[in-house]
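Protein chains in written order, with the working numbering: chain X, 1 to 405; chain C, 406 to 488. Here the structure comes first, spelled out in structure tokens, and everything after it is commentary.
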Amino acid sequence: MTVDLLAKYDPLIAEHAGLLSTGIRDPFGIVMEKVLSPTEAIIKGKHTILLGTYNYMGMTFDADVVAAGRQALTDYGAGTTGSRVLNGTYQTHAACEDALKDFYGMSHAMVFSTGYQANLGMVSTLAGKGDFIILDADSHASIYDGCKMSNADIVRFRHNDVADLEKRLKRLPPEAGKLVVLEGVYSMLGDVAPLPELVAVAKAHGAMVLVDEAHGMGFFGEHGRGVYEEQGVADQVDFVVGTFSKSVGTVGGFCVSNHPKFEILRLVCRPYTFTASLPPAVVASAATSIRKLMTAHDKRARLWEATRRLHGGLRARGFKLATETPESAIVSVLMPDQETTALMWSTLIELGVYVNMSRPPATPAGVFLLRCSICALHSDEQIDIVLGKFEQAAQMAQLALHEHA
Amino acid sequence: MTDRATVYARIIELIEPLNLKKVALTEATTFAGDMEMDSLTVMDLVASMEDEWDIMIPLNMLPDLETIGQVADAVAGLVAKKG
Ligand SMILES: Cc1ncc(COP(=O)(O)O)c(C=O)c1O
């Protein structure tokens, strides 16, 4: 007899079926039939405003970015069919790493096939047996998975809690190697880390620091390097991890650093070595996008303006938001339970607005969210349409709104 | 001195508010199976035990700690090692 290995997922299958039996659309089964621009798509034949894409700077359709990709596709072909350390490093990949070095003002850059793999690789390779990884409780799945893959001991501290981090660092042997892993922006609630305090505590206990700037790249700090730049701790952060799948507008991941021995990681980091490199078109697009983001001051200003408009507008309409003020370009609406969240999400999509539905365990304990991420190319008019649809959907989903003080 | 029995009794107290299924708590009760605790709740519970005894229980130890008895053994061991 064969044991059905998928039987363990029966409870989840039942839960998902239960959700859909109420007649709502599948929040995890959206198909974009046509993508009209960074802010609009056709979904089930309906013109839809996209408000959950992390396409913060709207680079996906930037004419120069598209042209660079098209040219590389013509010149270098559709793919590399190889690992970065064998036949998979083309001129385009080297140029992309140069763009990253210039963007971050750092001496080393390593491009991975995704941000997930960048975290998986860096976290698991930096900390080995006998070392400690100290991570924020709300860390992204890729950081948790990197911990699982490493042979280090894993210590978790309460989200953004400086005192809790310090308490846990104090319990570790002073002579052991330590890696503190932080994120500039936490993508579920859209809140920003108090990096100066966290990094100071980490350094005081002899730890190296890695900051994931997936949701901060492009619009935090003078050069758009991320929250760590804006908060003035650039000289104390040892490694910055990021992704091309958000502000850069394509796909890929990376780590940048000034560490003199950084290059050896290319040979020991398995998620870098044992997978094919990105297609030339992708890295060529990324390089062009990264160089444009260096000076995208107007877009940054516009992104913050649109974010404030959405955050302020939702608050004024009585929605409960995860942060008092807009801390990043993620605005998360707190929802009471799974049913209301799903119904509200489904109503919004029928009304032509796409946001992300998030639930445990992706979210911090017990939190249900409708997550909006804003794009610099969202017009005031689009934001106002979205605000109206949110109000309408809340009524239809019978979501209680509260008087605003 | 904190002996195994004292540790066990205190662990039961820490678990009680999280025992939403109200299952009987014994040495053999499992966190994921019997109590149906999700991984986040388990990690938070571990953090509270770390603070209770000022010890460190690395997350990578958790897969080996399935029952309350196993956790009590581990905590008692760590407390004893601390001296
Ligand atoms: C904080 C964080 N790190 C890493 C990643 C992974 O990025 P990628 O989409 O490139 O795999 C994401 C996005 O999913 C993220 O939110």
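Ideal placement from N, C-alpha and C gives every residue a C-beta, glycine not left out.
* Asked: Alpha carbon to alpha carbon, how far is His378 (chain X) from Tyr54 (chain X)?
  -> Rounded to whole angstroms, the separation of the alpha carbons of Tyr54 (chain X) and His378 (chain X) is 12 Å.
* **Euclidean distance between Cα positions of Ser453 (chain C) and Asp439 (chain C)** => Taking the straight line joining both Cα atoms gives about 20 Å.
* To do: Sort X:Glu263, X:Leu303, X:Leu20, X:Thr48 by Cα distance to Val31 (chain X) and report the nearest one.
  => Nearest of X:Glu263, X:Leu303, X:Leu20, X:Thr48 to Val31 (chain X), Cα basis: X:Thr48.
* Buried or exposed: which applies to Met1 (chain X), given that a residue is buried once 16 or more other Cβ atoms fall within 10 Å of its Cβ? -> The residue in question, Met1 (chain X), is exposed, as its Cβ has fewer than 16 Cβ neighbours within 10 Å.
* His215 (chain X) CB to nearest heavy atom of ligand 1 below 7 Å -> Yes, Cβ of His215 (chain X) sits closer than 7 Å to a heavy atom of ligand 1.
* Alpha-carbon spacing of Gly249 (chain X) relative to Gln382 (chain X), whole angstroms -> Linking Gly249 (chain X) to Gln382 (chain X) through their CA atoms gives a straight-line distance of about 20 Å.
* By DSSP, does Ile264 (chain X) sit in helix, in strand, or in coil? -> Of the three classes helix, strand and coil, the one that applies to Ile264 (chain X) here is helix, per DSSP.
* Cross-chain neighbours of Pro360 (chain X) in chain C, by beta carbon under 8 Å -> In chain order: Asp443, Leu445.
* **Contact set between the stretch 430-442 of chain C and chain X, restricted to residues whose Cβ is under 7 Å from the partner** => Going along the stretch 430-442 of chain C in chain order, one finds no residue with a Cβ nearer than 7 Å to chain X.
* Name, please, each residue of chain X whose Cβ falls closer than 8 Å to the Cβ of Asp478 (chain C). => Those do not exist, as Asp478 (chain C) stays about 18 Å from chain X at its closest Cβ, beyond 8 Å.
* Asked: Of all the CB atoms in chain X, is at least one closer than 8 Å to the CB of Ala452 (chain C)?
  -> The C-beta of Ala452 (chain C) comes closer than 8 Å to at least one C-beta of chain X.
* Taking all protein chains shown into account, do 16 or more other C-beta atoms lie within 10 angstroms of the C-beta of Ile264 (chain X), making it buried, or fewer, making it exposed? -> Exposed is the call here.
* Burial state of Glu408 (chain X) (16 or more Cβ within 10 Å) -> Outside the displayed range of chain X (1 to 405) lies residue 408 (chain X), so it cannot be described from this structure.
* Asked: Along chain C, which residues have their Cβ under 7 Å away from the Cβ of Ile154 (chain X)?
  -> Near Ile154 (chain X) (Cβ distances below 7 Å), the residues of chain C are Pro463, Leu464, Asn465.
* Asked: Got a sec: is the Cβ-Cβ distance from Arg371 (chain X) to anything in chain C below 8 Å?
  -> No Cβ of chain C is located within less than 8 Å of the beta carbon of Arg371 (chain X).
* Asked: If you run the structure through DSSP and keep just helix, strand and coil, what is Ser358 (chain X)?
  -> In this structure, Ser358 (chain X) counts as strand in the three-state DSSP scheme.
* To do: Please specify which runs of the alpha helix (DSSP H), each continuous and at least 4 residues long, are wholly inside the stretch 53-107 of chain X, giving them in chain order.
  => Here the runs fully enclosed are 63-76, 91-104.
* Asked: So what's Ser178 (chain X) in DSSP terms, helix, strand or just coil?
  -> In the sequence on display, residue 178 (chain X) carries Lys and not Ser. Of the three classes helix, strand and coil, the one that applies to Lys178 (chain X) here is strand, per DSSP.
* Asked: In whole angstroms, what is the alpha-carbon distance linking Ala94 (chain X) and Gly69 (chain X)?
  -> Computed Cα separation, rounded: 15 Å.
* **Heavy atom of ligand 1 within 7 Å of Glu327 (chain X) beta-carbon** => Taking non-hydrogen atoms of ligand 1 into account, the C-beta of Glu327 (chain X) is found less than 7 Å away from none of them.
* What are the residues of the stretch 189-204 of chain X that lie near chain C, defined by any Cβ-Cβ distance shorter than 7 Å? -> Along the stretch 189-204 of chain X, there is no position whose C-beta sits under 7 Å from a C-beta of chain C.
* To do: Give the residues of chain C in contact with Leu172 (chain X), contact being defined as C-beta atoms less than 8 Å apart.
  => Neighbours of Leu172 (chain X) on chain C, chain order: Met461.
* Quick one, are the C-beta atoms of Val209 (chain X) and Val237 (chain X) less than 8 Å apart? -> At a Cβ-Cβ threshold of 8 Å, Val209 (chain X) and Val237 (chain X) count as neighbours.
* To do: Give the straight-line distance between the Cα atoms of Val185 (chain X) and Arg409 (chain C), rounded to the nearest whole angstrom.
  => Val185 (chain X) and Arg409 (chain C): Cα-Cα distance of roughly 42 Å.
* To do: Return yes when at least one heavy atom of ligand 1 lies under 7 Å from the C-beta of Tyr104 (chain X), else no.
  => For ligand 1, not one heavy atom lies less than 7 Å from the Cβ of Tyr104 (chain X).
* What is the DSSP secondary structure of His409 (chain X), counted as helix, strand or coil? -> Outside the shown range of chain X (1 to 405) lies residue 409 (chain X), about which nothing can therefore be said.
* Asked: Any Cβ of chain X within less than 8 Å of the Cβ of Asp449 (chain C)?
  -> Chain X contact via Cβ: present.
* Asked: Does the stretch 387-401 of chain X come within contact of the stretch 338-354 of chain X, defined as at least 3 CB pairs closer than 8 Å?
  -> With the cut-off at 8 Å, the stretch 387-401 of chain X and the stretch 338-354 of chain X touch.
* **Spatially closest choice to Ile290 (chain X) from X:Gly252, X:Pro27, X:Lys178, by CA coordinates** => The shortest Cα separation from Ile290 (chain X) among X:Gly252, X:Pro27, X:Lys178 belongs to X:Gly252.
* **For Gly242 (chain X), the first and last residue of its enclosing beta strand (DSSP E)** => Where Gly242 (chain X) is concerned, the enclosing beta strand (DSSP E) starts and stops at 239-243.
* Which residues does DSSP pair with Phe368 (chain X) in a beta bridge? -> Partner(s): X:Met335.
* Asked: Between Ala479 (chain C) and Pro27 (chain X), what straight-line distance do the alpha-carbon atoms span, to the nearest angstrom?
  -> Approximately 42 Å between the Cα atoms of the pair.
* Asked: In angstroms, rounded to a whole number, what distance separates the CA positions of Leu50 (chain X) and Ile13 (chain X)?
  -> Taking the Cα positions, Leu50 (chain X) is about 28 Å away from Ile13 (chain X).
* Please confirm whether any heavy atom of ligand 3 lies closer than 7 Å to the CB of Asp212 (chain X). => Within the structure as shown, ligand 3 is missing, the only ligands being ligand 1.
* Asked: At a Cβ threshold of 8 Å, is Ala14 (chain X) touching chain C?
  -> Using a CB distance cut-off of 8 Å, Ala14 (chain X) does not count as an interface residue toward chain C.
* Asked: His159 (chain X): beta carbon under 7 Å from a heavy atom of ligand 1?
  -> Relative to ligand 1, His159 (chain X) has its C-beta separated by 7 Å or more from all heavy atoms.
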